[in-house]
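What follows is a single structure, written as structure tokens, with notes after it.
And the structure:
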């Protein structure tokens, strides 16, 4: 079945760039997402990329997609304390199954002063 | 717009008790979902409803039932709670497949403890 994997923890210094990596198994994925979850809250969509793109930039966020290796990454430039959260990688397949989104386990990003 | 709302925010049950988690959305979305979130396991889909009048099992449906009461409301019922159902439960909603980016909007969650 479909699977999405990501490392559980990442610690970076304030002002540095954070890179969160993710791998997925479903080659028919149509959308790939990054969701952010702050403490005690639900998930909020941060950004997403279509499977026919290889890069998307949105202010401090850069998403890179390597479809051949089924690898997705999220780069946060100039990481701030407000970026501390859990980041979930997720994918959804073709339109016939687009109701379902498969989430990774989440990467907890912590910021060092 | 309130978005997706869930009640209650917190609940403690004894083993064997039953309860219903309520979810409502005011974004006119067709699709609604129930997830559970456990440490180190991400979100796992319990049930979803692609449109009013339909429900389907997700990854972990055992021990749960759902009702899509109308387009706005999707409830999750635990008939006989077990300690393994201690978790944080999230409801979400989205536009129908193919009509957008399939972004799911999440409620704030219900933290359930079963003793």
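Residue numbers (our numbering), protein chains in the order written: chain A, 1 to 113; chain B, 114 to 228.
All residues carry an ideal CB built from backbone N, CA and C; glycine is no exception.
In the structure shown, the three-state DSSP call for residue 197(B) is helix. Our two residues, residue 222(B) and residue 114(B), have alpha carbons roughly 18 Å apart in a direct line. Residues of the region 51-74 of chain A with a C-beta less than 7 Å from any C-beta of chain B: none at all. In the structure shown, residue 81(A) falls within a helical segment according to DSSP collapsed to helix, strand and coil. Counting every other CB atom within 10 Å of its CB across the protein chains shown gives residue 227(B) a total of 16 or more, marking it as buried. Shown in chain order are the members of the region 133-158 of chain B whose Cβ falls below 7 Å from a Cβ of chain A: 144, 153, 154, 155, 156, 158. Within a 10 Å sphere around the beta-carbon of residue 190(B) sit fewer than 16 other beta-carbons, which makes this residue exposed.
Residue 33(A) holds the alpha-carbon nearest to the alpha-carbon of residue 22(A) among 14(A), 33(A), 41(A). Taken atom to atom, the span from the alpha-carbon of residue 65(A) to that of residue 139(B) is near 33 Å. For residue 166(B), not one C-beta of chain A is nearer than 8 Å to its own C-beta.
A residue is called buried once 16 or more other Cβ atoms fall within 10 Å of its Cβ, and residue 195(B), having fewer, is exposed. By the criterion of at least three beta-carbon pairs nearer than 8 Å, the region 7-18 of chain A is in contact with the region 66-80 of chain A. What residue 46(A) touches in chain B, judged by beta-carbon distance under 7 Å, is nothing: the nearest beta carbon there is about 10 Å away. Nearest CB-CB separation between residue 32(A) and chain B: not below the 8 Å threshold.
Between residue 67(A) and residue 25(A), the CB-CB gap reaches or exceeds 8 Å. Secondary structure note for residue 178(B): its beta strand (DSSP E) is the uninterrupted segment 178-181.
Beta-bridge partners assigned by DSSP to residue 21(A): 73(A). The Cβ-Cβ distance between residue 207(B) and residue 218(B) falls below 8 Å. Contact between residue 104(A) and residue 5(A) holds: their C-beta atoms lie close to 6 Å from each other, under 8 Å. Taking 8 Å as the upper bound for CB-CB distance, residue 108(A) and residue 13(A) are not in contact here, some 16 Å apart.
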